[in-house]
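For what it's worth, full-length UniProt numbering labels the leading residue of the sequence shown as 1, then goes sequentially. Backbone N, C-alpha and C define an ideal beta-carbon position, used for all residues, glycine too. No experiment lies behind these values; they were computed from the predicted model shown. Presented below is the structure to which this report refers.
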Amino acid sequence: MTTIPGRLRAPLAFLPFLAAVAVVAVVGGLAAAGARSVYSGLELPSFAPPAWLFGPVWTVLYLAIALSGWLYWKSGGDRRSLIWYAAQLALNAAWTPLFFAAGAYGVALVDIVLLDVAIVVTALYFRRSSRVSAALLVPYLAWTLYATALTAAIVVLN
1 MTTIPGRLRA PLAFLPFLAA VAVVAVVGGL AAAGARSVYS GLELPSFAPP AWLFGPVWTV
61 LYLAIALSGW LYWKSGGDRR SLIWYAAQLA LNAAWTPLFF AAGAYGVALV DIVLLDVAIV
121 VTALYFRRSS RVSAALLVPY LAWTLYATAL TAAIVVLN
């Protein structure tokens, strides 16, 4: 039986975190198939970004989210924190289908508010053993808070 050398174990452990985030991205991508037409058909607030901006922003954020989870795990983080990490990924995955596929803007707003809370709790737990992993979640939280304001405005305007 072949074993993986110790120096390779930690880097290889990044792959499940990357895969989990990739699943979230794929779910979002599939649900957002008609997002451009839906987005352009909505009454949008003045602070709404152009539709093309979402893809690049989320690509960078998803990499940071995966790296954050891996660094936290590598630091010896506890299970409860990783449960919060998984919860925020699930809430993230739910938003795009709720908003774009189902057109359930109010439910999507509730989802993203819960996502905001889950990101904060995850970052606070991560901070206990890895300040870097917590810091990597700050841009994600900032973008999600912006998206929360955008979602709330869309609920009001539509």
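Taking 7 Å as the limit between beta carbons, can you name the residues of its chain near residue i, skipping five residues before and five after?
{"i": "Trp70", "result": "Ala13, Phe14, Phe17"}
{"i": "Leu67", "result": "Leu136"}
{"i": "Asn92", "result": "Val24, Leu115"}
{"i": "Arg127", "result": "Ala134"}
{"i": "Pro139", "result": "Leu61, Ala64"}
When burial is assigned at 16 or more other CB atoms within 10 Å of the CB, is residue i buried or exposed?
{"i": "Phe47", "result": "exposed"}
{"i": "Ile65", "result": "buried"}
{"i": "Ile119", "result": "buried"}
{"i": "Tyr146", "result": "exposed"}
{"i": "Leu53", "result": "exposed"}
{"i": "Val132", "result": "exposed"}
{"i": "Val60", "result": "exposed"}
{"i": "Ile112", "result": "buried"}
{"i": "Leu89", "result": "buried"}
{"i": "Val21", "result": "buried"}
Taking the alpha-carbon of residue i as reference, which of the options has the nearest alpha-carbon?
{"i": "Trp143", "options": "Leu115, Ser81, Ser75", "result": "Leu115"}
{"i": "Ala153", "options": "Glu43, Val38, Ala22", "result": "Glu43"}
{"i": "Arg79", "options": "Ala20, Thr122, Tyr39, Gly41", "result": "Thr122"}
{"i": "Ala108", "options": "Pro45, Leu150, Trp84", "result": "Leu150"}
{"i": "Tyr62", "options": "Leu141, Gly103, Pro49", "result": "Leu141"}
{"i": "Gly55", "options": "Gly29, Gly41, Ala87, Val110", "result": "Gly29"}
Flag residue i as yes when its Cβ comes closer than 8 Å to any non-hydrogen atom of the ligand GTP, and as no otherwise.
{"i": "Val138", "result": "No copy of the ligand GTP appears in this structure; indeed no ligand is present at all."}
Could you pull out every residue in the same chain whose Cβ sits closer than 6 Å to the Cβ of residue i, ignoring the five residues on either side in sequence?
{"i": "Gly106", "result": "Val155"}
{"i": "Ser130", "result": "Leu71, Tyr72, Ser75"}
{"i": "Phe100", "result": "Ala31, Ala32, Ala35, Val38"}
{"i": "Ala77", "result": "Note that residue 77 corresponds to Gly in the displayed sequence, not to Ala. If we look at Gly77 and ignore the five residues flanking it on each side, its Cβ neighbours are Ser129."}
Does DSSP classify residue i as helix, strand or coil?
{"i": "Ala123", "result": "helix"}
{"i": "Ala134", "result": "helix"}
{"i": "Ala102", "result": "coil"}
Below 8 Å CB to CB, which residues in the same chain sit around residue i once its five sequence neighbours on both sides are set aside?
{"i": "Leu124", "result": "Ala134"}
{"i": "Val27", "result": "Ala93, Thr96, Pro97"}
Open item on the list: Report the start-end ranges of each alpha helix (DSSP H) in the region 10-97 that is 4 residues or longer and not cut off at the edges.
Closed with: Taking only runs of at least 4 residues, the alpha helix (DSSP H) segments lying wholly in the region 10-97 are 14-31, 35-41, 54-74, 79-96.
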